[in-house]
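In order, the protein sequence lines correspond to chains A and B. Take the first sequence: its position 30, counted from the start at 1, is 29 in numbering that gives the first Met the number 0, and no numbers get skipped. Take the second sequence: its position 155, counted from the start at 1, is 154 in numbering that gives the first Met the number 0, and no numbers get skipped.
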Amino acid sequence: MVSFVLSDTKSASQPPSAAAYFVDRAFFLAAAAGAFAIIALVAYIIWEIGGQALPAISKNGAAFLVDTRWDVQGHSFGILPQIWGTLYSSLLALLIGGFIGITIAIFLTQDFLPPQIAIAFRTLIEMLAAIPSVVFGLWGIFVVIPFLRPGANWLHEHLGFIPFFGTSLSGPGMLPAVIVLAIMVLPTVAAISQDAIGLVPYKIKEAAYGMGTTRWEAILKVIVPTASGGIFSALVLGFGRALGETMALAMLIGNSNQISLSLFSPANTLASLLASNFPEAAAVERQALMYAALVLLAITLIVNVIGTMILVWTSRKMAKA
Amino acid sequence: MKRNLTIVMAAMVALATQMSQASAADLRLVGSGASFPFPIYSTWFKAFSKQTNGVTVDYQAKGSGAGIQDLINNTVDFAASDAAMTPEQIAKVDKGVVLLPMTAGEIVLAYNLPGQPTGLKLPRDVYPDIFLGKITRWNDPRIAAANPGITFPDLPITVVRRSDSSGTNFVFTKHLSAISPAFKEQVGFGTTVNWPSSDKIVAAPKNDGVTATIKQTPGAIGYIEWGYAKLTKANVALLQNKSGKYVAAGGEGGALALASADFPTDLIVWVDDPTDPGAYPIASFTWQLFYQKQDPQKADYLRKLVDYQLTEGQKIADSMGYIPLPPSVVEKVKAASAKIQ
Chain A
0 MVSFVLSDTK SASQPPSAAA YFVDRAFFLA AAAGAFAIIA LVAYIIWEIG GQALPAISKN
60 GAAFLVDTRW DVQGHSFGIL PQIWGTLYSS LLALLIGGFI GITIAIFLTQ DFLPPQIAIA
120 FRTLIEMLAA IPSVVFGLWG IFVVIPFLRP GANWLHEHLG FIPFFGTSLS GPGMLPAVIV
180 LAIMVLPTVA AISQDAIGLV PYKIKEAAYG MGTTRWEAIL KVIVPTASGG IFSALVLGFG
240 RALGETMALA MLIGNSNQIS LSLFSPANTL ASLLASNFPE AAAVERQALM YAALVLLAIT
300 LIVNVIGTMI LVWTSRKMAK A
Chain B
0 MKRNLTIVMA AMVALATQMS QASAADLRLV GSGASFPFPI YSTWFKAFSK QTNGVTVDYQ
60 AKGSGAGIQD LINNTVDFAA SDAAMTPEQI AKVDKGVVLL PMTAGEIVLA YNLPGQPTGL
120 KLPRDVYPDI FLGKITRWND PRIAAANPGI TFPDLPITVV RRSDSSGTNF VFTKHLSAIS
180 PAFKEQVGFG TTVNWPSSDK IVAAPKNDGV TATIKQTPGA IGYIEWGYAK LTKANVALLQ
240 NKSGKYVAAG GEGGALALAS ADFPTDLIVW VDDPTDPGAY PIASFTWQLF YQKQDPQKAD
300 YLRKLVDYQL TEGQKIADSM GYIPLPPSVV EKVKAASAKI Q
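Okay, structure coming up:
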């Protein structure tokens, strides 16, 4: 029973009952166990992969990272083309997907559209994330590549001296892979950026208008910089998504172990290498693949660390300014 | 994806049959391995499970390498492989192995040219050079000379190869190595090989991936199983065999190629370059692998399974895009199946 008038003898504050105390402890323990389980799981995965990769690491050493041949017969393995392809495709995809994603986020949060329509748009973009990877791959083969081919070959013929257009696009290659990858990272970037921009207090916007800024000045000079931390995490997450994408890339990038600046030439990525070779790999190749998986993990980790460092650095700089 | 669905469906069917037979003596025969013969194997195993009371055969198309691994690790009752087994692998199976060729397939060169001309002829000194990246354009005089009826566009040749390791790779590269010393030296043969590096050699996963890429790329050529080419109505080239004749896949050529095979006692034989004048040049058997020693009841049903595949099974091979085993081979395999004890 709730009584609003307190008797003189009874204090409003009571020590927690045994049940409340128990629930509190149980919740704390469950949360702690969950958190530790995640860390333990990551550690276990690294330990397991590392353990299986150990023979390949001791045999190939650091040469593995700079060698360009993946020779199953000769037992000599190197993943430089795959590292290059992974970083090149992910960076380009982030450039395109990130730009469009942030633009969409601004468009949907800054009162350009009636709220209902903005929500509908948002749901639509988030639905992109639910499309299976293999469907993106097929869409890439049957729609994106034929669509890109004439333009790409025109660029190659007329501007072929620029390294980016150095080869003609026959089918699978870097550009179709990048475009499909950009669409795949778009929902991640757009959704998190929207949340970040949405969190900027309304007062800040009002203050900016009060200072006499135009709408675009307010957006670009006040709101986006204020939300930059969140937008940046969106980009880092999107980059992580691009690094690990497997099936669509295996279908679109051409799986050719070469290092080329050309956007129209086939390439390979680490995830695609793993997907293609794992099912039938014999012992020695399996160890090398585990090593490659370890390198992919390390790249993802390094990207995240660099991302966090830049984030800390920019927020410090902004705090000073 | 389609194959995964089929596996799921097969598993569900197997489960359903199992449940309905729960009262009868229940024996499950588990196999894994090659994906190329999966369509015909699953049809066979389903039919065999249906007609044999109390026995269910499950097969997982994991790939030849994985099947061999499972056999060595004792996790299956039988396995299947397009690349047979190497002596080292056989030595690892302490229960002993019986290798039985069960069906055979042809590998075709599918191509995509503007205007879709059919009946492209490829001489045996030309197609290895295409896959070596030495012939790079369709209007190359060596291609044109063999095909007076076709006007070739000035288009680069895009070679589409498999990105994953596979028995198809093994059979195709073994054939190219047999007919071209240059190919043998530069690329060699195996389930995965080092293809020449070129921006006009691209790779796609699985037979379906290669087929789709060829279909979508003007100027593409690639190697796939005949069954896939048949299914997708892809244009396939006539290949010149050892005696100089141009032979199309899917006809008598496959059976003629296999007839020339001279079986040793372990039944591992490769038809790298068949000599028969009517033979299609790239054909190969695919094997099922059994233990020599096991539970007598299992052995009994495994022998029955082999027998079913050799008799009833061979009748549907042709319609499913595989080559029926020649009668002489069937006899040899039947005799060898007695070793499963």
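Ideal placement from N, C-alpha and C gives every residue a C-beta, glycine not left out. The structure displayed is predicted, hence computed values, not measured ones.
Given a limit of 7 Å on CB to CB distance, which residues of the stretch 147-163 of chain B reach chain A? Within the stretch 147-163 of chain B, the residues whose Cβ lies closer than 7 Å to some Cβ of chain A are P155, T157, S162, D163, listed in chain order.
Per DSSP, the bridge partner or partners of T55/B: Mapped onto the second sequence, residue 55/B falls at position 56. The bridge partners DSSP lists for T55/B are R27/B.
Start-to-end residues for the beta strand (DSSP E) that takes in I134/B: In the second sequence, the residue the question calls residue 134/B occupies position 135. Unbroken run through I134/B: none, as it is neither H nor E.
Here's a check: name, in chain order, each residue in its chain whose Cβ is nearer than 8 Å to the Cβ of D81/B, leaving out the five neighbours to either side. As a first step, residue 81/B is located in the second sequence; it is residue number 82 there, counting from the start. The beta carbon of D81/B sits closer than 8 Å to the beta carbons of A33, F35, P36, S63, S165, G166, T167, F169, V170, S283, T285, W286 from its chain, once the five residues preceding and following it are set aside; these are given in chain order.
Since A211/B is in the alpha helix (DSSP H), which residue starts that stretch and which ends it? Within the second sequence, numbered from 1, the residue matching residue 211/B stands at position 212. Judged by DSSP secondary structure, A211/B falls within the alpha helix (DSSP H) whose first and last residues are 205-215.
Residues of chain B with CB closer than 9 Å to the CB of D66/A, please, in chain order. By 1-based counting over the first sequence, the position of residue 66/A is 67. Under the 9 Å cutoff, chain B gives no residues; its nearest Cβ is about 12 Å from D66/A.
Would you say G132/B and I213/B are within 8 Å of each other, going by their C-beta atoms? Here the question's residue 132/B lines up with position 133 in the second sequence. Here the question's residue 213/B lines up with position 214 in the second sequence. In this structure, G132/B sits away from I213/B, with a CB-CB distance that is not shorter than 8 Å.
Selection from S162/B, G226/B, G277/B that minimises the alpha carbon distance to Y321/B: Translated into positions along the second sequence, residue 321/B becomes position 322. Y321/B has its Cα closest to that of G226/B, out of S162/B, G226/B, G277/B.
Using a Cβ-Cβ cutoff of less than 8 Å, which residues in the same chain neighbour V362/B once the five nearest sequence positions on both sides are dropped? The structure shown does not extend to residue 362/B, since chain B spans only 0 to 340, so no value can be given for it.
Looking at I105/A: is its Cβ nearer than 8 Å to the Cβ of I196/A? Your numbering for residue 105/A matches position 106 in the first sequence. Your numbering for residue 196/A matches position 197 in the first sequence. The Cβ atoms of I105/A and I196/A lie closer than 8 Å to each other.
Chain A contact residues for K61/B, given Cβ-Cβ distances below 9 Å: Looking up residue 61/B in the second sequence gives position 62. Near K61/B (Cβ distances below 9 Å), the residues of chain A are P278, E279.
Under 9 Å between beta-carbons, which chain B residues line up against Q257/A? List them in chain order, please. Numbered from its first residue, the first sequence carries residue 257/A at position 258. Under the 9 Å cutoff, chain B gives S196, S197, D198.
On the CB-based measure, 16 or more other CB atoms within 10 Å of its CB, does V22/A come out buried or exposed? Start at 1 with the first residue of the first sequence, and residue 22/A comes out as number 23. Exposed, by the Cβ-count rule.
Rounded C-beta distance between S192/A and I101/A? I'm assuming under 8 Å. In the first sequence, the residue the question calls residue 192/A occupies position 193. In the first sequence, the residue the question calls residue 101/A occupies position 102. The beta-carbon separation of S192/A and I101/A, rounded to 5 Å, stays under the 8 Å limit for a contact.
Could you tell me whether the Cβ of N73/B comes closer than 8 Å to any Cβ of chain A? If you number the second sequence from 1, residue 73/B lands on position 74. False, the Cβ-Cβ gap to chain A never drops below 8 Å.
Cβ closer than 9 Å: which chain A residues qualify as neighbours of V170/B? Reading the second sequence from its first residue, position 171 is the one you call residue 170/B. Ordered by position in chain A, no residue passes the 9 Å Cβ test against V170/B, which lies about 14 Å from the chain.
For the pair the stretch 224-239 of chain B and the stretch 300-310 of chain B, tell me if three or more CB-CB distances fall below 8 Å. Under the Cβ criterion (8 Å, minimum of three pairs), the stretch 224-239 of chain B does not count as touching the stretch 300-310 of chain B.
Between which residues of its own chain and A358/A is the CB-CB distance below 7 Å, once the five residues before and five after are set aside? Chain A is shown only over 0 to 320; residue 358/A falls outside these bounds and no answer can be derived.
Between the Cα of H155/A and those of G165/A, M246/A, A32/A, P171/A, spot the shortest distance and give me the residue it belongs to. Your numbering for residue 155/A matches position 156 in the first sequence. The shortest C-alpha separation from H155/A is found at G165/A.
Do the stretch 261-274 of chain B and the stretch 88-104 of chain B meet, that is, are 3 or more Cβ pairs less than 8 Å apart? Judged by Cβ distances under 8 Å, the stretch 261-274 of chain B makes contact with the stretch 88-104 of chain B, as three or more pairs qualify.
Work out the CA separation of T231/B and I339/B for me, nearest whole Å. As a first step, residue 339/B is located in the second sequence; it is residue number 340 there, counting from the start. As a first step, residue 231/B is located in the second sequence; it is residue number 232 there, counting from the start. Roughly 39 Å between the two C-alpha positions.
Around the Cβ of W69/A, are there at least 16 other Cβ atoms within 10 angstroms (buried) or fewer (exposed)? In the first sequence, counting from the first residue as 1, residue 69/A sits at position 70. Buried, by the Cβ-count rule.
For A55/A, which three-state DSSP category applies? Position 56 of the first sequence, counted from the first residue, corresponds to residue 55/A. In the displayed model, A55/A falls within a helix according to three-state DSSP.
Cβ shell of L198/A (< 8 Å), same chain only, five flanking positions each side left out: The residue given as residue 198/A occupies position 199 in the first sequence. If you ignore the 5 residues before and after L198/A, its C-beta comes within less than 8 Å of the C-beta of A226, G229, all in its own chain and listed in chain order.
Does the beta carbon of T102/B come closer than 8 Å to any beta carbon on chain A? In the second sequence, counting from the first residue as 1, residue 102/B sits at position 103. For T102/B, no CB of chain A lies under 8 Å from its own CB, so it is not counted at the interface with that chain.
Along the chain, where does the alpha helix (DSSP H) that runs through T102/B open and close? Translated into the one-based positions of the second sequence, residue 102/B becomes position 103. No alpha helix (DSSP H) contains T102/B, which is instead part of the beta strand (DSSP E) from 96-111.
Within this structure, are the beta carbons of I156/B and I220/B separated by less than 8 Å? One-based indexing of the second sequence puts residue 156/B at position 157. One-based indexing of the second sequence puts residue 220/B at position 221. Contact flag set, yes.
If I'm right that P127/B touches S179/B with Cβ under 8 Å, what's the distance once you round it to whole angstroms? Position 128 of the second sequence, counted from the first residue, corresponds to residue 127/B. Position 180 of the second sequence, counted from the first residue, corresponds to residue 179/B. Contact flag correct, Cβ pair sits at about 4 Å.
Counting contacts by CB-CB distance shorter than 8 Å, is N193/B in contact with chain A? Along the second sequence, read from residue 1 onward, the residue named residue 193/B stands at position 194. Yes, because at least one Cβ of chain A sits closer than 8 Å to the Cβ of N193/B.
On a CA-only basis, which of K49/B, K173/B, V209/B, I39/B is nearest A233/B? Give me that one, please. Along the second sequence, read from residue 1 onward, the residue named residue 233/B stands at position 234. Closest in C-alpha terms to A233/B, from the list K49/B, K173/B, V209/B, I39/B, comes V209/B.
Residue ranges of each alpha helix (DSSP H) within the stretch 171-235 of chain A, 4 or longer: Within the stretch 171-235 of chain A, the complete alpha helix (DSSP H) runs of at least 4 residues are 173-197, 201-209.
Candidates S232/A, Y290/A, I305/A, L300/A: which alpha carbon is nearest G77/A's? Against the first sequence, residue 77/A aligns to sequence position 78. Checking every option, the nearest Cα to that of G77/A belongs to Y290/A.
Which one or two residues does DSSP pair with V158/B in a beta bridge? In the second sequence, counting from the first residue as 1, residue 158/B sits at position 159. Paired residues: I200/B, I220/B.
M210/A and G136/A look like a contact to me (Cβ under 8 Å); what is the Cβ gap, rounded to whole Å? Here residue 210/A is taken as the residue at index 211 of the first sequence, counted from 1. Here residue 136/A is taken as the residue at index 137 of the first sequence, counted from 1. Their Cβ separation, rounded to whole angstroms, is 50 Å, which puts M210/A and G136/A out of contact at 8 Å.
Whose Cβ in chain A lies nearer than 8 Å to the Cβ of V201/B? As a position in the second sequence, residue 201/B is number 202, starting the count at 1. Against V201/B, the close residues of chain A are S169, G170, P171, G172, G253, N254, S255, P265, in the order they occur along the chain (beta-carbon pairs closer than 8 Å).
Using a Cβ-Cβ cut-off of 6 Å (strictly less than) and excluding sequence neighbours within five positions of Y59/B, which residues of its own chain qualify? For the purposes of this step, residue 59/B is identified with residue 60 of the second sequence, where counting begins at 1. Here residue 59/B turns out to be Gln, not Tyr, going by the sequence shown. So the qualifying residues of the chain are S31.
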